[in-house]
Amino acid sequence: MASFRQMTESRELKVGTYVGQFASPGFGRILKSAGCQFAVVDMEHSGFSFETIKDVLGQLHDVGIASVTRPPSQSAHHLARLCDIGAQGVVPPMLSTVEQARACLDAIKYAPEGKRGCAFGIAHDDYNALVPADALKAGNARTSFVPLIETAEGVKNADAIAAIDGVDCLWIGHTDLSVSLGIPGDYNAARFKDAVATVMAAARRHSKSVGRLIGSPEEAARVYGEGVDFICYLGDTWLLQKALRDGFEGIRGAIGDAPIAGGATS
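In the numbering used here, the protein residues as written are 63 to 328.
The structure is reproduced here in structure tokens:
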């Protein structure tokens with residue numbers, strides 16, 4: 063299985079999805095059967111506990127799906143704990159400055175690259191006993207750092223953040239970014255497009271991957287053409303809603319003028 067960090071070594075297309083609602087047994091196999099290559103697992107907005115995240119990551123990794131996990135905050139104890147329970151990488155929210163980026167790297171990397179506390183032979187090591195020196199090296203090599211650029215300040219500092227050794231990928235948080243720019247949801251505004259272009263230029267300049275959540279194949283083709291190589295297609299909740307909505311509309315359209323129980327539905 064290619065880890066998330068290994069995937070960042072090329073600019074080839076990678077397709078995945080967001081996980082923030084469902085953690086039932088078999089979910090990883092469902093994603094795998096659909097051709098999913100990676101998943102963004104969310105703690106910031108999902109309500110998932112660390113115990114749930116541990117189960118979800120195990121499901122994904124067991125079937126060969128790479129992962130990056132969005133912690134509830136940039137706090138060192140959140141980041142380090144995620145790494146200990148098996149996160150291949152972290153995408154801390156509202157990453158806006160070089161100082162914040164370096165603090166996050168300190169939390170997820172072992173010495174000499176960081177200050178992460180040591181606990182070996184547990185989930186992140188697949189419960190294998192390793193010589194400490196080997197465990198330190200292997201842990202640093204597999205753990206990926208993905209700053210979530212979703213503020214105007216983050217855009218301003220995108221080049222300096224991308225230049226940091228240890229940053230593997232920049233992720234564009236388009237909704238929060240539009241809010242930070244004062245144009246909530248207006249993704250066609252020149253201000254938003256300029257901000258995205260700034261992040262993309264920083265990634266190109268420093269040979270870093272870029273990820274982004276998209277809502278349609280057409281949008282995926284557009285952002286891939288701009289240089290986004292991690293294409294995150296919708297998420298578990300929205301995909302279920304979309305499939306049901308499309309199916310119900312298709313059923314009603316195929317049947318025609320049949321009366322609808324309960325009247326019109328939204």
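Glycine included, each C-beta is placed from N, C-alpha and C at the ideal position.
Here the structure is a predicted model, which is why all the values come from computation and not from measurement.
By a beta-carbon distance limit of 8 Å, residue 145 contacts residue 186. Their separation comes to about 6 Å. A straight line joining the alpha-carbon of residue 169 with that of residue 140 spans about 9 Å. In the same chain as residue 163, and ignoring 5 residues on each side of it, the C-beta atoms closer than 7 Å to its own belong to 157, 209, 223, 226 and 229, in chain order. Spanning the alpha carbons of residue 211 and residue 85 requires a straight line of approximately 27 Å. The C-alpha of residue 284 is placed about 26 Å away from the C-alpha of residue 65. When the five nearest sequence neighbours on each side are left out, the beta carbons in the same chain lying within less than 6 Å of the beta carbon of residue 78 are those of 98, 99, 100, 101 and 294, in order along the chain. The three-state secondary structure of residue 76, taken from DSSP, is strand. Between the beta-carbon of residue 281 and that of residue 262 there is about 15 Å, and that puts the pair past the 8 Å contact cut. Residue 286 carries a helical assignment under DSSP once its states are collapsed to helix, strand and coil. In this structure, residue 80 lies away from residue 302, with their beta-carbon atoms at least 8 Å apart.
Setting aside the 5 residues that flank it on each side, residue 264 is surrounded in the same chain by 220, 221 and 224, each with a C-beta closer than 6 Å to its C-beta; the list follows chain order. For residue 164, the enclosing alpha helix (DSSP H) begins and ends at 160 to 170.
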